[in-house]
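K.L.:
Position 44 of the sequence shown, counting from 1, maps to 43 under numbering that gives the first Met the number 0, and the rest follow consecutively.
Think of the CB as a built atom: it goes at the ideal place given N, C-alpha and C, for glycine as much as any other residue.
Computed from a prediction, not measured in an experiment: that's the story for all the values here.
What follows is a single structure, and I will ask about it in a moment.
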Amino acid sequence: MDPRFEPLKNAAYSGDFELFKKLLEDQPALVNSSSADPGDSPNVIQLVVDEGGLGKIPEPNKYLEFLIEKGSTTERQLVAAASVGSRELIDVLLDAGVPLTDGAPWTAVEESLYWGHTEIADYLVNYRGAEVRTLCASAMMEDLEKLETFFVEGKLVASVLPMYFPWGPFEESTTQDVIDQAFYLALRSEKYKAAAFLYERGADMNAIVIGHHEQCTVLHQAVNRGDREMSDWLLDRGATNGVKDPRFGADAIGWAKHAGHNDLAAHLELRSKNSQR
């Protein structure tokens with residue numbers, strides 16, 4: 000963050016809540032000021048949510064409650080709390096009146112599922128009343144009935160556009176991009192029934208998925224985590240090792256070797272040879 004925020008950051012990290020309050024009482028404009036540093040938190044409240052949720056700020060709920068009392072913006076902070084899996088801060092925000100739709104259409108439900116915080120998504124939906132409204136969230140929660148509602152005569156409805164992910168929308172995305180993202184995220188969440196549902200409706204398992212920060216195929220991500228079962232599931236349905244990712248120019252076997260999964264790499268090589276006979 001900008002140098003003007005350094006005293007606040009230091010007070011928060013050290014757990015000096017009284018100093019933190021005094022600094023903001025002396026400079027109230029900082030409550031909603033934006034930092035120009037693109038590589039760090041954009042404002043004080045997101046610093047507290049991100050770093051506090053990760054355990055770097057002691058008792059972050061006190062800091063968050065104080066900022067809300069002082070009139071801090073709370074826009075997208077429920078999403079931020081979900082990204083770090085902080086139920087404590089989610090409760091503070093919801094109890095202060097932040098709507099469950101904060102950040103819509105990419106809400107705290109999508110954000111928590113994207114980063115693997117399935118228990119947070121379950122809490123939001125089953126205990127706080129959040130609705131599952133997107134294709135990718137339905138896929139990651141394996142809600143097959145909800146998934147059906149996004150298709151008419153087997154085709155994905157255009158209202159799913161544009162595609163979103165944690166860094167915002169892809170304005171030029173297509174319905175194919177959306178279904179490929181949902182397929183990727185379903186398998187990343189090990190939701191095979193949802194993945195099969197999407198595959199049967201046109202998901203391309205060999206696509207470089209732009210709706211995920213790794214930007215690779217589903218097979219790449221399966222081998223990167225050393226998941227032989229998922230790799231075989233994909234290969235049995237037509238996945239190919241020949242696709243190279245755009246960042247490193249490596250195929251799935253290359254990713255497996257880089258991740259130290261040499262047995263899986265050998266297995267993929269054998270399957271590749273057998274498929275060419």
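Assuming L92 contacts A103 under a Cβ cut-off of 8 Å, what Cβ separation, rounded to an integer in Å, is found between them?
P.N.:
In the sequence shown, counting from the first residue as 1, residue 92 sits at position 93. In the sequence shown, counting from the first residue as 1, residue 103 sits at position 104. Their Cβ separation, rounded to whole angstroms, is 15 Å, which puts L92 and A103 out of contact at 8 Å.
K.L.:
Out of curiosity, what's the CA-to-CA distance linking S137 and A195?
P.N.:
Within the sequence shown, numbered from 1, the residue matching residue 137 stands at position 138. Within the sequence shown, numbered from 1, the residue matching residue 195 stands at position 196. For S137 and A195, the distance between alpha carbons rounds to 13 Å.
K.L.:
Is the distance from the Cβ of L99 to the Cβ of R127 below 8 Å?
P.N.:
The sequence position of residue 99 within the sequence shown is 100, counting from 1. The sequence position of residue 127 within the sequence shown is 128, counting from 1. Taking 8 Å as the Cβ cut-off, L99 and R127 qualify as a contacting pair.
K.L.:
Look at the alpha carbon of Q45 and the alpha carbon of G237, and state the distance between them as a whole number of angstroms.
P.N.:
By 1-based counting over the sequence shown, the position of residue 45 is 46. By 1-based counting over the sequence shown, the position of residue 237 is 238. Cα to Cα, Q45 sits roughly 43 Å from G237.
K.L.:
Please determine, among L29, S33, L267, T117, the residue with the shortest C-alpha to C-alpha distance to D235.
P.N.:
For the purposes of this step, residue 235 is taken as the residue at position 236 of the sequence shown. Comparing Cα-Cα distances from D235 to each of L29, S33, L267, T117, the minimum goes to L267.
K.L.:
If you measure between the beta carbons of R200 and F150, is that distance less than 8 Å?
P.N.:
Within the sequence shown, numbered from 1, the residue matching residue 200 stands at position 201. Within the sequence shown, numbered from 1, the residue matching residue 150 stands at position 151. Yes. Within cutoff.
K.L.:
Name the DSSP bridge partner or partners of Y284?
P.N.:
Outside the modelled stretch of the chain, which goes from 0 to 276, sits residue 284, for which no answer is possible.
K.L.:
Tell me the rounded alpha-carbon separation between F4 and N223.
P.N.:
Taking the sequence shown and counting its residues from 1, the one referred to as residue 4 is at position 5. Taking the sequence shown and counting its residues from 1, the one referred to as residue 223 is at position 224. Straight-line Cα distance between these residues: approximately 39 Å.
K.L.:
G52 and V83: beta carbons closer than 8 Å?
P.N.:
Walking along the sequence shown from the start, residue 52 turns up at place 53. Walking along the sequence shown from the start, residue 83 turns up at place 84. In contact: G52 and V83 (Cβ atoms closer than 8 Å).
K.L.:
How far does the beta strand (DSSP E) with F169 in it extend, from its first residue to its last?
P.N.:
The residue labelled residue 169 in the question sits at position 170 within the sequence shown. Looking at the DSSP string, the run of the beta strand (DSSP E) that includes F169 is 167-169.
K.L.:
Would the segment 115-129 and the segment 151-160 be scored as touching if the rule is three or more Cβ pairs under 8 Å?
P.N.:
The segment 115-129, when compared against the segment 151-160, does not touch it at the 8 Å Cβ threshold.
K.L.:
Does the distance from the CB of A251 to the CB of H212 come in under 8 Å?
P.N.:
Stepping through the sequence shown from its first residue, residue 251 is reached at position 252. Stepping through the sequence shown from its first residue, residue 212 is reached at position 213. Contact flag unset, no.
K.L.:
To which residues of the same chain is K243 closer than 7 Å at the C-beta, ignoring the five residues directly before and after it?
P.N.:
On the sequence shown, position 244 is the one that residue 243 refers to. These residues qualify, in order along the chain: A249, D250.
K.L.:
Alpha carbon to alpha carbon, how far is S271 from D49? Give it in angstroms, no decimals.
P.N.:
On the sequence shown, residue 49 is found 50 positions in, with the first residue counted as 1. On the sequence shown, residue 271 is found 272 positions in, with the first residue counted as 1. Straight-line Cα distance between these residues: approximately 43 Å.
K.L.:
Leaving out five residues before and five after P6 in sequence, what residues of the same chain have Cβ atoms less than 7 Å from its Cβ?
P.N.:
As a first step, residue 6 is located in the sequence shown; it is residue number 7 there, counting from the start. Excluding residues within five positions, the ones whose Cβ falls inside 7 Å are L22.
K.L.:
Residue range of the beta strand (DSSP E) that Y163 falls in?
P.N.:
What you label residue 163 is simply residue 164 of the sequence shown in a count that begins at 1. Per DSSP, Y163 belongs to the beta strand (DSSP E) from 162-164.
K.L.:
With the cut-off set at 8 Å, would you say N273 and T239 are in Cβ contact?
P.N.:
Position 274 of the sequence shown, counted from the start, is the residue given in the question as residue 273. Position 240 of the sequence shown, counted from the start, is the residue given in the question as residue 239. It is not a contact, given that the beta carbons lie outside the stated cut-off.
K.L.:
Whose CA, out of Q26, A10, L18, G70, lies closest to the CA of Q55?
P.N.:
Here residue 55 corresponds to residue number 56 of the sequence shown, with the count starting at 1. In the sequence on display, residue 55 carries Lys and not Gln. Among Q26, A10, L18, G70, the Cα nearest to that of K55 belongs to A10.
K.L.:
DSSP puts V151 in a beta bridge; with which residues?
P.N.:
Counting from 1 along the sequence shown, the entry for residue 151 is found at position 152. According to DSSP, V151 bridges with K154.
K.L.:
Are the CB atoms of L160 and M139 nearer to each other than 8 Å?
P.N.:
Here residue 160 corresponds to residue number 161 of the sequence shown, with the count starting at 1. Here residue 139 corresponds to residue number 140 of the sequence shown, with the count starting at 1. No. Outside cutoff.
K.L.:
Could you give the C-beta distance for A129 and V108, rounded to a whole number, given that I count them as a contact under 8 Å?
P.N.:
For this step, residue 129 is matched to residue 130 along the sequence shown. For this step, residue 108 is matched to residue 109 along the sequence shown. 5 Å between Cβ atoms; contact.
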